[in-house]
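J.: If you scroll down you'll find the structure; I have some questions about it.
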Amino acid sequence: TPVQLLTPEHDADVAAPNIDTSEVTFSWEDYFDSAQAVTWSETGETNPEAALNYRIQIDDNQTFSSTLEDVRVDQPTYTSASRLYPEGQLYWRVQAIDAAGRGLAWSETRAFVKQSPAAVPLFPIDDEAVSGTAAFRWEPQPFNSEYQLEVYKNDDTTFSSTNRLFQASQVKSAAYAWDQPIPASGQAYVWRVRGKDSFGNWMPWSTT
Numbered sequence: 006t007p008v009q010l011l012t013p014e015h016d017a018d019v020a021a022p023n024i025d026t027s028e029v030t031f032s033w034e035d036y037f038d039s040a041q042a043v044t045w046s047e048t049g050e051t052n053p054e055a056a057l058n059y060r061i062q063i064d065d066n067q068t069f070s071s072t073l074e075d076v077r078v079d080q081p082t083y084t085s086a087s088r089l090y091p092e093g094q095l096y097w098r099v100q101a102i103d104a105a106g107r108g109l110a111w112s113e114t115r116a117f118v119k120q121s122p123a124a125v126p127l128f129p130i131d132d133e134a135v136s137g138t139a140a141f142r143w144e145p146q147p148f149n150s151e152y153q154l155e156v157y158k159n160d161d162t163t164f165s166s167t168n169r170l171f172q173a174s175q176v177k178s179a180a181y182a183w184d185q186p187i188p189a190s191g192q193a194y195v196w197r198v199r200g201k202d203s204f205g206n207w208m209p210w211s212t213t
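In this text, residue positions in the sequence shown follow my numbering: the first is 6, and each later residue adds one.
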C-alpha cells in the first residue's frame with residue numbers, strides 16, 4: 006500500500022503558506038491508517054503494517070534524478086529546517102520504511118508551484134517627479150540575503166537591454182541610490198526589484 010499524500014494538493018499554487026518565512030510544509034496520512042484501509046480480498050484481512058519512518062523526496066524534476074532534498078523523518082509531516090526551495094514547479098513523493106529498514110511502495114508524485122511574495126516598491130511611486138539623486142526604497146523581505154534593482158529609460162516596460170539605465174546587484178539593504186545622478190527626462194523611467202534568498206533562489210520581480 007503506498008503512502009497517501011495530503012498537502013500540498015496536486016498542482017496546488019503554494020503561495021508561501023507561511024508568508025513571512027517562505028517555508029513549505031508537507032503532510033501525508035499515517036501509514037498504519039493507509040494500510041488498514043486496504044483489505045486482502047481472499048480473507049478480508051487488513052494489513053497491520055506500520056512505518057518505522059518515512060522517506061520524502063523533493064525535486065524540480067519529476068524524475069527525481071537530482072533531488073533538492075531526500076530525507077527520513079519519523080512523523081507524517083515535514084518542513085525543511087535546512088533549506089529554502091526555488092520558485093516555480095516542484096515535485097514531491099513519500100515512501101514508508103518498514104521495521105526491517107526496507108523501502109515500501111512510493112506514493113504518487115505530486116506537483117505544486119511555489120510562488121513567494123514579490124518585493125513591494127515604496128519610492129518613487131508611479132508618475133512621481135523626483136530628484137535624480139533620490140534613493141529607491143522597497144519593503145524588506147524575510148530570508149533575503151540580497152536584492153537586485155533595475156532601472157530603464159524611455160518608459161520601457163519590456164525591459165530591453167538597450168534601454169536599461171543601470172542594474173544594481175548584491176544590494177544588502179532595502180534601499181539603493183545610484184552612484185551618479187539620473188538624467189532629467191521627458192519620458193518616464195521604470196524600475197523593479199527582486200530578492201534572492203540565502204540559498205541563492207531568486208524571488209519574483211516586483212510590480213513595475
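Note that beta-carbon positions come from the ideal geometry of N, C-alpha and C, so glycine has one too.
Apart from the five residues just before and just after V19, which ones in its own chain have a Cβ nearer than 8 angstroms to its Cβ?
T.: Taken in chain order, the residues that qualify are P13, V29, F117, V118, K119, Q120.
J.: Among T82, L127, D161, G108, which has the Cα closest to the Cα of A139?
T.: Cα-wise, what sits closest to A139 is L127.
J.: So, do the region 39–46 and the region 75–84 have three or more beta carbon pairs nearer to each other than 8 angstroms?
T.: The answer is no - the region 75–84 does not touch the region 39–46, with fewer than three Cβ pairs under 8 angstroms.
J.: In angstroms with no decimal places, state the Cα-to-Cα distance between S174 and K201.
T.: Going by the C-alpha atoms only, they are around 10 angstroms apart.
J.: What is the rounded straight-line gap between the Cα of Q153 and the Cα of T51?
T.: For Q153 and T51, the distance between alpha carbons rounds to 57 angstroms.
J.: Taking 8 angstroms as the cut-off, decide whether the C-beta atoms of W143 and V198 are in contact.
T.: Yes. Within cutoff.
J.: Where do the N-terminal and C-terminal ends of the beta strand (DSSP E) with S39 fall, by residue?
T.: Element bounds for S39: not the beta strand (DSSP E) but the alpha helix (DSSP H), 36–41.
J.: With distances taken Cα to Cα, identify the nearest neighbour of S85 among A124, I61, M208.
T.: For the residues A124, I61, M208, the minimum Cα distance to S85 belongs to I61.
J.: Would you tell me roughly how many angstroms separate the C-alpha atoms of T26 and V176, rounded to the nearest one?
T.: A caution first: T26 carries a pLDDT of 47, below 50, which makes its placement in the model unreliable, though a value can still be read off. One C-alpha to the other measures close to 20 angstroms.
J.: Helix, strand or coil for S46? Go by DSSP, reduced to three states.
T.: The answer is coil: DSSP assigns S46 none of H, G, I, E or B.
J.: Which value, in whole angstroms, describes the spacing of the CA atoms of R88 and N159?
T.: R88 and N159: Cα-Cα distance of roughly 40 angstroms.
J.: For D35 and R98, I'd like the C-alpha separation in whole angstroms.
T.: One C-alpha to the other measures close to 14 angstroms.
J.: By DSSP, does N159 sit in helix, in strand, or in coil?
T.: Looking at N159 - three-state DSSP - the assignment turns out to be coil, as it is neither helix nor strand.
J.: What residue range is occupied by the uninterrupted beta strand (DSSP E) comprising Y59?
T.: Segment 58–64, the beta strand (DSSP E) holding Y59.
J.: Where DSSP assigns a beta bridge to G93, which residues make up the other side?
T.: According to DSSP, which records beta bridges pairwise, G93 is partnered with K119.
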